[in-house]
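Chains A and B supply the protein sequences, listed in that same order. Per my numbering, the first sequence runs over residues 12 to 214. Per my numbering, the second sequence runs over residues 13 to 573. Just so you know, even glycine gets a beta-carbon here, dropped at the ideal spot from N, CA and C. Input: a single structure, listed below in structure tokens.
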Amino acid sequence: MAGQDIQRREILRVLGVAAVAAHFPGFVRWAYAAEHPSAEPAPVRPAAYTPQFFASQEYAVIEQLAQLIIPSDETPGAREAGAAEFVDFMVAHDEEQQQAMRTGLAWFKAHVERAFGQPFLALTESRQESLLEPLAYRAKYREGEEVGREFFRRIRELTVMGFYSSKIGYQELDNPALRYYAESPACPHTNDPAHRHLPAAKW
Amino acid sequence: MNAVPTKTYDVVVIGTGAGGGMAIKTLCEAGLKVCALNAGRRLDPSKDFRHHRMPWDMKFRGFGDPAKRAESYGFMDNEWVEGVWEHEIPFTTAPGTQWMWPRCFAVGGKTNFWGRSSARFGDIDFRAATLTGAGIDWPLEYREIAPYYSRVERMIGVASTVQNRPSNPDGEYLPPFNFRCLDHILQQGAQKVGVPYLPDRIAQLTRNHEGSPACHFCGACTTGCDTGSFFSTPWRFLPRAEATNNLELRTDALAKNILVDKNGAASGVAYIDRKTGQEVEVRARAVVVAASCLESARIMLNSKSPRWPDGIANSSGQLGRNLCDHLYGESANGHLPQLLGQPSFPDNVGDNQPAWLPRWQNLNNPHEEKFVGGYSVYPGGGCTEYPWYAVQTEGFGSAYKREVKRRYPSPVSFTIQAPSLPSPTNYLDLDPKVTDRYGMPVARLHFKWDDNVLQMWEHSKQIIAEVIRAAGGVYESSASQPNMPGWSLHETGTCRMGNDPKHFVTNRYGQTHDVANLYVCDASVFPSPTDKTTTISIMAFTLRTCEHMLENFRNGVHRRV
């Protein structure tokens, strides 16, 4: 804009590079997802994420659940975003969640064995999905599975939080937040205030 | 042993927020020697304002440490401003009262993070009791305060348009924020229902102004601004006061009580130095209390002396009484199918508040509705930092992921801002049993929403759902209850102004009736909250109060040091 002086352009430039990432040691994919220019030397990353709350067998189940909730398809999913690391990290810091997760995991393990006589990770993906559907969709809810629904609700909520707050999640939505704009962004559809004739939806 | 004061100031000011900051600047620029007390520390924008960090740069991704969730004040008290909101000084609530009290004790107070909506009050507010028979009139008319609003608008920069609304006097504005797609769509719906949908009045710079750069529209205003592009006292007022060399700002100075001489006049302030735990006294010829509505009343109630056994300047018994608040709550939410699957758009640029629905009720006739007075509504929505609707969206898998993306530009949500009426049962007193860690009695809140404001809440749910539907949108739900009292940060009334010393704490200038050299410069002097936010009015009234005080210094009512 005319009248926007050098001082302001300089401020915008500085702001653009000022946000220095604080990498939290221990995360693998999460830290990767956060990678951007930093003045500090990159921390040494362990080869694999060490769960803080879940036992390694349990964590493998959490990873698969997160991946089923937000799969890698045309775009990266929970795996690339390290969403399971976030789930584990938040539960490790939340006593209220821990009890529910213990109860929920025990229910889920028994439920899977009852249904298929095999552990969850040994099942095909379509069988895994068939187990989640009655926990995820109101229309498919079943009597007596309240504990399972609550478990899935918690895992799904943390997965969604972890995914959409990651850099990959921002890219997924083309999230425009926390950027810098020279002008107050304005609706581009000046001849269509009711927005009834927009170009075809992209998704 | 108290530290012996070594110096007397012309004025000591308690607080550095909207009222305190304006008082400090005005008095220092007039040549008075001012000591300002601030209960917390100075913020360092480079350390304390982390708002240009992305969520993945934060330990808990901006959701906050779950272990601290119970004590969090909600959306503003987050990881980006960790350690800035006050958690050390407790307060209590009477049985049946719920109250949320987010206090920012850092220098600049809540102006560091405020919502920036800046509409003028008008005669419809000042004469509300005459018009409706409810509440109480203010002791002045709009034409008296209008020039002060103009001066404040020129100082701070307010973006808006001239709107000619009967409930909202127009002011002097910078160019408005542009409307987003969702604003145009909702405006069409509002027009069909007969509800105004207009640019808000925002103290946020759309042009470079008075040495401050224009906004860069990053949208993270409620976590502080690191360019000073919306108004806050640390960016805009305090540097000017400090440049006069007339200001001494003491931080971590928690005001305890106002000191009085043998005649009961104010002679200074006793405060706790929070770094040493020591009590310190500072002497002055006049005292400005600007610690925010509740904290100011607490300090004054705690200022007991033989002359003022019930608290300083409380011969009316009204100190701490007449507490009012803005009811906030989500009147309605839904989504706009027109925007489903459209490319993302930076909707969150003004922290999501470029527009408002200014009061439209009871304008032609004060008794059109089941309630008296009126409320306003703020719309929000579109592409936000985090897709909050994603958790409500059912399912999992690729279909779910696609649905979250499809819905990203489409959600809308409306928040009501409705004033409660003064009531004898809504007030603050000192808890007789509980003290804070410095031995000072804590504030005890007594508060319930009145029927009138709850009628507004019900009314808004119905009419905003109509607005969404008339815009071609899908109405989804309304909050089952309004937010907890205190949430708005717009409390008023504890030192209300009026002409009769028997019924009012302060006079029409915000000077206490009982103590001529004690002035109150915050929303506690407002007899009612109106449907507008309080900050710009705090500044306009403070400017007027300070000029009255300066006049009193000139004509000998107060003597300079």
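Nearest to residue 85 of chain A by C-alpha distance, out of B:147, B:476, B:544 and B:409, is B:409. Contact check for residue 440 of chain B and residue 506 of chain B: beta-carbon distance about 6 Å, within the 8 Å limit, so the pair qualifies. Counted as a single uninterrupted DSSP element, the beta strand (DSSP E) harbouring residue 447 of chain B occupies residues 439-447.
The alpha carbon of residue 117 of chain A has as its nearest neighbour, out of A:192, A:98, A:179 and A:159, the alpha carbon of A:159. Residue burial annotation: residue 427 of chain B is buried, with at least 16 other C-beta atoms found within 10 angstroms of its C-beta. Taking the C-beta atoms as reference points, residue 143 of chain B is found no nearer than 7 Å to residue 431 of chain B.
Taken in chain order, the unbroken stretches of beta strand (DSSP E) that lie wholly in the segment 20-104 of chain B and span 3 residues or more are 20-26 and 46-49. Counting the other Cβ atoms within 10 Å of the Cβ of residue 289 of chain B gives fewer than 16, which makes it exposed. Contact between the segment 529-546 of chain B and the segment 264-280 of chain B is present: three or more C-beta pairs spanning the two stretches fall below 8 Å.
CA-CA distance, residue 250 of chain B to residue 36 of chain B, rounds to 7 Å. The C-beta of residue 83 of chain A comes no closer than 7 Å to any C-beta of chain B. Leaving aside the five residues that flank residue 94 of chain A on each side, the residues in its chain whose CB is nearer than 6 Å to its CB run, in chain order, 77, 170, 173 and 174.
Taking C-beta atoms as the reference points, residue 241 of chain B and residue 230 of chain B fail to come closer than 7 Å. Excluding five sequence positions before and after residue 256 of chain B, the CB atoms of its chain that fall closer than 7 Å to its own CB belong to 40 and 41, given in chain order.
Here residue 208 of chain A is exposed: its Cβ has fewer than 16 other Cβ atoms, across all protein chains shown, within 10 Å. Residue environment analysis places residue 155 of chain A among the exposed positions, since fewer than 16 neighbouring C-beta atoms fall within 10 angstroms of its C-beta. For residue 375 of chain B, the number of other beta carbons within 10 angstroms of its own is below 16, and it is reported as exposed. Distance from the CA atom of residue 484 of chain B to the CA atom of residue 392 of chain B, rounded to whole angstroms, is 16 Å.
In the three-state reduction of the DSSP assignment, residue 110 of chain B falls in the coil class. Of B:370, B:554 and B:414, the smallest CA-CA separation from residue 208 of chain B is found for B:370.
For the pair of segments examined, the segment 459-469 of chain B was found to touch the segment 381-399 of chain B: the number of CB pairs separated by less than 8 Å reaches three.
Remark: C-beta atoms of residue 213 of chain B and residue 170 of chain B approach each other more closely than 7 Å. Taking the C-beta atoms as reference points, residue 556 of chain B is found no nearer than 7 Å to residue 22 of chain B. In this structure, residue 145 of chain A places its C-beta atom within 7 Å of the C-beta atom of residue 153 of chain A. Within 7 Å of the CB of residue 530 of chain B, no CB atom of chain A is found; the nearest one sits about 42 Å away.
DSSP, read as helix, strand or coil, puts residue 173 of chain A in helix. The C-alpha of residue 301 of chain B lies about 15 Å from the C-alpha of residue 293 of chain B. With the criterion set as a beta carbon lying under 9 Å from some beta carbon of chain A, the members of the segment 473-493 of chain B are 483 and 484, in sequence order. Taking 7 Å as the cut-off, the Cβ atoms of residue 131 of chain A and residue 99 of chain A do not count as close.
Residue 453 of chain B is bridged by DSSP to B:447. Under the three-state reduction of DSSP, residue 135 of chain B is assigned to helix. Among the residues of the segment 346-357 of chain B, those with a Cβ less than 8 Å away from any Cβ of chain A are 348, 350, 351, 352, 353, 354, 355, 356 and 357, in the order of the chain. In the structure shown, residue 433 of chain B adopts coil according to DSSP, grouped into three states. Going by DSSP, residue 284 of chain B is part of the beta strand (DSSP E) stretching over 278-285.
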